[in-house]
Amino acid sequence: MALMNMVGAINSALREEMDRDPSVVCLGEDVGVNGGVFRVTEGLYNLFGGDRVIDTPLAESSIVGTVIGMAMNGLRPVAEIQFMGFIYPAYQQLVSHAARMRNRTRGRIGLPLVVRTPYGAGVKALEHHSESTEAVFCHIPGLKVVVPSTPLEAKGLLTSSIRDPDPVIFLEPTRLYRMIKEEVPDGEYTIPLGQARKVRQGKDVTIVGWGAMMAVIEKAAVQLDNQGISADILDMRTLSPMDYSSILNSVKRTGRCVVVHEAPKNCGLGAEISARIMEGALLSLQAPVERVTAPDITVPLPKGENYYYIEPDRVVKAVKRVMSF
Numbered sequence: 001m002a003l004m005n006m007v008g009a010i011n012s013a014l015r016e017e018m019d020r021d022p023s024v025v026c027l028g029e030d031v032g033v034n035g036g037v038f039r040v041t042e043g044l045y046n047l048f049g050g051d052r053v054i055d056t057p058l059a060e061s062s063i064v065g066t067v068i069g070m071a072m073n074g075l076r077p078v079a080e081i082q083f084m085g086f087i088y089p090a091y092q093q094l095v096s097h098a099a100r101m102r103n104r105t106r107g108r109i110g111l112p113l114v115v116r117t118p119y120g121a122g123v124k125a126l127e128h129h130s131e132s133t134e135a136v137f138c139h140i141p142g143l144k145v146v147v148p149s150t151p152l153e154a155k156g157l158l159t160s161s162i163r164d165p166d167p168v169i170f171l172e173p174t175r176l177y178r179m180i181k182e183e184v185p186d187g188e189y190t191i192p193l194g195q196a197r198k199v200r201q202g203k204d205v206t207i208v209g210w211g212a213m214m215a216v217i218e219k220a221a222v223q224l225d226n227q228g229i230s231a232d233i234l235d236m237r238t239l240s241p242m243d244y245s246s247i248l249n250s251v252k253r254t255g256r257c258v259v260v261h262e263a264p265k266n267c268g269l270g271a272e273i274s275a276r277i278m279e280g281a282l283l284s285l286q287a288p289v290e291r292v293t294a295p296d297i298t299v300p301l302p303k304g305e306n307y308y309y310i311e312p313d314r315v316v317k318a319v320k321r322v323m324s325f
């Protein structure tokens, strides 16, 4: 196994899938000769050529419209949108066409396409570069939404996403691109979509998160351990469809839950998870579900980001509130 960061792991998944399946192609702004804005596609142009690693104009709606046509005609395209904050011109293509094609054709035509995009704050980027609006896509039937939290997870989940018969939005936490290195298998492997990962077994409280928040949650769990509180931690991996069974099973054991996400609180996924717990595990709860989220504001520019981003102390305080309810 090789030691990789998330950029290297995603690159490895793309390279192996393109090598295995000639129908897999990559396209987006600067993904070819330059190797992508974060160098995720570096080297693929030299290996597979300009017919399969395609530089496009700076036109997000055009990129996603093109991959829809490619997928309808037998290819498995992987599009890169440079930052999530720039994906909205393509939103109409995703909602009105990509998400509906299987239903519209009564199951005759699926769209095996992936739209990759970096997302989230934590790297002090400019406006439109730190969005975390995953709930917008989770609300749309027909779209799968996947978020890795480690390099090993990123490679396995992206491989599964490329092989999936339906459209997948693959959100790559910008903060984690080069933060963590770990051993990643050299050969191909998959991680099933729609299944949560148990990060840590605990008995006192369930903590649910995904993406860059997993590193924050794990640091908080160490502090909680030192204070005698044992946390059961779930990394959701796939936000749509979400593995609610794992959440409910955990909450029925612990009786308490804290949901952590870096998106704003209003209409965020924490609200949906809280409602599902009320519906499926109300009589097991010993305290109201807590949400630790970003404030309901636009992500600040670099000088203000430290006030916006979630730190482990906020998770620890939320856990203490549910423990003392």
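Per this note's numbering, numbering through the sequence shown is continuous, rising by one, with the last residue being 325. Yeah, the Cβ is synthetic: ideal placement off N, Cα and C, and Gly gets one too. On a predicted model such as this, the values are computed, not experimentally measured, just so you know.
- Only residues of its own chain outside the window of five on either side were considered, and among them Gly156, Thr159, Ser160 have a CB closer than 6 Å to the CB of Thr190, listed in chain order.
- Non-local C-beta neighbours of Val123 in its own chain, meaning closer than 7 Å and more than five positions away in sequence, comprise Thr174, Arg175, ordered along the chain.
- Under the three-state reduction of DSSP output, Ile191 falls in the coil class, being neither helix nor strand.
- Residue burial annotation: Phe325 is exposed, with fewer than 16 other C-beta atoms found within 10 angstroms of its C-beta.
- When the five nearest sequence neighbours on each side are left out, the beta carbons in the same chain lying within less than 7 Å of the beta carbon of Glu131 are those of Met84, Gly85, Tyr119, Val299, in order along the chain.
- Sequence-distant Cβ neighbours of Met214 in its own chain, meaning closer than 6 Å and more than five residues away, are Ser149, Asp235.
- The alpha-carbon of Lys219 is positioned some 9 Å away from that of Glu311.
- Assignment of Ile87 by DSSP, reduced to helix, strand and coil, places it in the coil class.
- Boundaries of the beta strand (DSSP E) around Glu80: 76–80.
- Excluding five sequence positions before and after Ala135, the CB atoms of its chain that fall closer than 7 Å to its own CB belong to Ala263, Cys267, Gly268, Leu269, given in chain order.
- DSSP, read as helix, strand or coil, puts Pro312 in helix.
- Taking the Cβ atoms as the reference, Val292 lies roughly 13 Å from Ala271, outside the contact range of under 8 Å.
- Checking the DSSP bridge columns, you'll see Glu134 has no partner listed.
- Counting only residues of its own chain and dropping the five nearest sequence neighbours on each side, Ile277 has a CB closer than 8 Å to the CB of Ile247, Leu248, Val251, Cys257, Leu285, Val289.
- The Cβ-Cβ distance between Val40 and Ile63 does not fall below 8 Å.
- Annotated three-state conformation of Tyr307 is helix, per DSSP.
- If you check the CB distance, Gln201 and Asp232 come in under 8 Å.
- Counting only residues of its own chain and dropping the five nearest sequence neighbours on each side, Glu60 has a CB closer than 7 Å to the CB of Ile81, Phe86, Ile87, Pro89, Ala90.
- For Gly49, no beta strand (DSSP E) encloses it, and the DSSP letter there is neither H nor E.
- The C-alpha of Leu283 lies about 41 Å from the C-alpha of Arg104.
- Runs of the alpha helix (DSSP H) lying entirely within the stretch 236–305, each at least 4 residues long, are 244–254, 269–281 in chain order.
- As a beta-bridge residue in DSSP terms, Met4 pairs with Glu182.
- If you check the CB distance, Val53 and Val31 come in under 8 Å.
- Residue environment for Arg20: exposed (fewer than 16 other C-beta atoms within 10 angstroms of its C-beta).
- Remark: C-beta atoms of Ala79 and Val37 do not approach each other more closely than 8 Å.
- Under the three-state reduction of DSSP, Arg200 is assigned to strand.
- Secondary structure at Asp30: coil, using DSSP grouped into helix, strand and coil.
- Boundaries of the alpha helix (DSSP H) harbouring Glu60: 60–72, taken from the DSSP string.
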